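In terms of my numbering, the first sequence has 162 at position 151, counting the first letter as 1, and numbering is strictly consecutive.
For every residue, glycine included, the Cβ atom is placed at its ideal position computed from N, Cα and C.
Computed from a prediction, not measured in an experiment: that's the story for all the values here.
Heads up, the thing below is written out as structure tokens.
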Amino acid sequence: MLDIELIRQEPEKIKKGLQSKNVDSKLVDDFLDLDNQWRDLTKESDDARAQLNVLSQDRKIEEAKKVKENIKELEAKLKDFDDHRNSLIKQMPNTPDSDWPIGKDEDDNVVMKEVGEKPKFDFEPKNYLALAENLNLINIERAGKVSGSRFGYLLNEAVLLEFALVNFAMEMLVAKGFSPVIPPVMARPEVMIGMGKGRFIDDKDAFHLPEDDLYLVGSSEHTIGPMHMNDVFDDKDLPKRYVGFSTCFRREAGSYGKDTKGILRVHQFDKVEMFSFADPKKSKEEHEFLLGVQEEMMQALKLPYRVVQISTGDMGWGDAAQYDIETWLPGENQYRETQSCSNTTDFQSRGVNVKYKGPGDNKYVHMLNATAFAIGRMIIAILENYQTKDGHVVVPEALQKYTHFKEI
RNA sequence: GGAGGCGUGGCUGAGUGGCUGAAAGCAGCAACCUGCUAAGUUGUUAGGGGAGAAAUCCUCUCGAAGGUUCGAAUCCUUCCGCCUCCGCCA
């Protein structure tokens with residue numbers, strides 16, 4: 012959630028931020044108006060409380076009873092204001108970093124660089140799904156019968172490739188000082204909301220388990236962040252970096268008809284994720300660091316990719332700054348998003364109350380998340396980029412020590 | 001799933017209706033002292049919110065949310081978490 016103090020102090024700045032994220036900036040005025048009334052009422056209510064406390068102390072029971080009636084009314088009123096105020100705040104996304112391109116949607120994203128060589132084939136490159144079906148690596152039809160659309164069976168070498176990717180990522184990131192973690196894949200609503208995922212829930216994009224009122228995570232980010240809920244870091248311990256592995260679940264409610272074939276966009280996939288708790292003064296550095304790690308991983312796999320700076324209109328709800336890495340897919344003759352790298356600044360830390368102490372006046376840590384490997388999409392990228400003329404697939408050299416085979 | 005116990009400040013731990021936002025100890029910080037020295041003395045140290053230029057004042061918070069009461073850490077209800085025993089189980 013946004014800093015209320017900041018909305019009061021710099022409403023114009025927040026308005027601009029909201030506008031750039033395609034959110035009605037009138038919210039700010041509505042909020043401030045409500046906030047003023049809330050403050051007046053809070054004062055009134057507190058004063059009444061003070062009066063009650065004194066009367067009570069002096070055992071003036073009859074008088075206290077009268078004051079108490081008044082307090083009940085005031086507090087009921089205050090609660091309405093409070094609820095309304097909170098609902099407005101919940102409608103406000105994080106405000107973007109001023110260095111980021113202002114834009115309406117993905118068309119305004121800025122390609123920063125293209126890295127690696129696109130493979131040259133002396134044949135017509137196949138789509139990953141065609142390859143995978145021939146090699147018996149993915150089966151969508153059977154998953155359809157069992158679980159419905161947007162599920163898939165990963166089979167045979169594809170499974171081993173997944174574990175190779177996971178092991179490769181873990182080994183590399185642990186060597187860099189990331190702490191490995193396998194987090195829960197279900198979370199309570201208040202935790203999700205604290206992590207700024209109210210939208211994920213409200214848009215029905217999250218799977219919900221009504222019996223237990225739990226939500227399946229869309230990313231391990233959702234449960235790695237709140238692992239330190241209510242904690243106070245010593246600034247000497249920052250940045251604290253985690254590498255998490257989890258299955259991710261998404262209903263893809265808003266994307267009916269989009270990428271319906273194959274495993275590019277599915278309800279369930281596995282992901283290795285990086286997560287950092289950073290000193291606010293150094294979170295930009297941390298953001299660049301995470302992007303650097305992502306690039307290093309892509310280069311190790313020798314996959315051609317480009318780095319895209321996401322425009323304000325296309326940015327995640329809680330993000331102040333976001334990069335995507337898009338990998339070249341020869342079978343589709345285009346780049347597709349495979350990784351993202353976000354700085355949520357204090358938007359999430361305020362929501363789940365993660366602070367740090369040290370010299371300086373900022374108290375909430377900054378939280379950042381970055382994909383290491385979204386396994387499904389990496390398998391897609393590998394199949395398409397490493398395919399051979401006869402419809403087989405060479406395993407990237409960096410992964411061979413984990414797969415123990417060189418070709419599928 | 002059944003039975004019981006517990007949940008207090010950075011930590012340990014008192015506190016069962018009225019100056020208790022909370023004893024004491026530890027830890028931390030500051031000052032002083034200085035040779036019983038990996039010591040002593042004194043002071044200080046929770047968070048949120050509101051008012052105020054500030055000093056400061058008010059208010060809320062003892063797992064969470066409600067309730068009883070003039071007044072609740074203390075009583076009641078529900079929920080959450082932890083522990084022990086039984087059952088089940090990868």
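Distance, Cα to Cα, C56 vs D40? According to the sequence as given, residue 56 is Ser; it is not Cys. Those two C-alpha atoms are separated by around 24 Å.
Kindly provide the ranges of any alpha helix (DSSP H) runs that are 4 or more residues long and lie completely inside the segment 184–242, ordered along the chain. 200–205, 209–213 and 232–235
Whole-Å CB distance - M12 paired with G362, under 8 Å assumed: 5 Å
Taking only the alpha-carbon atoms, compute the straight-line gap between R70 and L85 and give it to the nearest angstrom. 23 Å
Spell out a yes or no on whether the segment 251–270 and the segment 214–229 are touching, meaning 3 or more CB-CB pairs, one atom from each, closer than 8 Å. yes
Which of the three DSSP states is assigned to E348 in this structure? strand
Considering only the beta carbon of each residue, do Y253 and V196 sit closer than 7 Å? no
Please go through the same chain and pick out, in chain order, the residues whose beta-carbon is closer than 8 Å to the beta-carbon of L340, but skip the five residues on each side of it. Y139, Y346, R347, I391, A392, E395 and N396
Should K269 and A385 be called a contact, given that it needs their Cβ atoms to be closer than 7 Å? no
Please confirm whether G342 and P136 have their CB atoms less than 7 Å apart. yes
State yes or no: is the C-beta of G188 nearer than 6 Å to some heavy atom of the ligand SAM? The model depicted lacks the ligand SAM and carries no ligand whatsoever.
Identified DSSP bridge partners for S294: DSSP, once it has assigned bridges, lists no residue as partnering S294.
V65 burial status per 10 Å Cβ neighbour count (16 or more: buried): exposed
For N147, three-class secondary structure by DSSP: coil
Expected contact under 8 Å - CB spacing of P112 and K32 to nearest Å: P112 to K32, Cβ: 12 Å. No contact.
With burial defined as no fewer than 16 other Cβ atoms inside 10 Å of the residue's Cβ, what is the status of I15: buried or exposed? exposed
Using CA atoms only, rank isn't needed, just tell me which of I235, S322 and G369 is closest to Q359. I235
Inspect the beta-carbon positions of L458 and L275 and report whether they are closer than 7 Å. What is shown of the chain runs 12 to 419, which leaves residue 458 out entirely.
Measure how close the beta-carbons of R161 and V277 come, nearest whole angstrom, since I'm counting them as under 8 Å. 5 Å
Closer than 7 Å by C-beta to N81: which residues in its own chain qualify, once you throw out the five before and the five after it? Chain order, please. A59
Three Cβ pairs or more, each shorter than 8 Å: is that satisfied between the segment 165–173 and the segment 139–149? yes
Which whole-angstrom value describes the C-beta separation of T349 and T338, a residue pair presumed to lie in contact below a C-beta threshold of 8 Å? 4 Å
Taking the beta carbon of L312 as the centre, do at least 16 other beta carbons fall within 10 Å, making it buried, or is it exposed? buried
CB V243 to CB K90, shorter than 7 Å? no
Near V122, which residues of its chain fall below 6 Å by C-beta distance, leaving aside the five closest residues on each side in sequence? R317 and V319
C-alpha gap between A156 and K293, whole angstroms: With the sequence shown as reference, residue 156 is identified as Lys, and Ala is not the correct amino acid for it. In a straight line, the C-alpha of K156 is about 49 Å away from that of K293.
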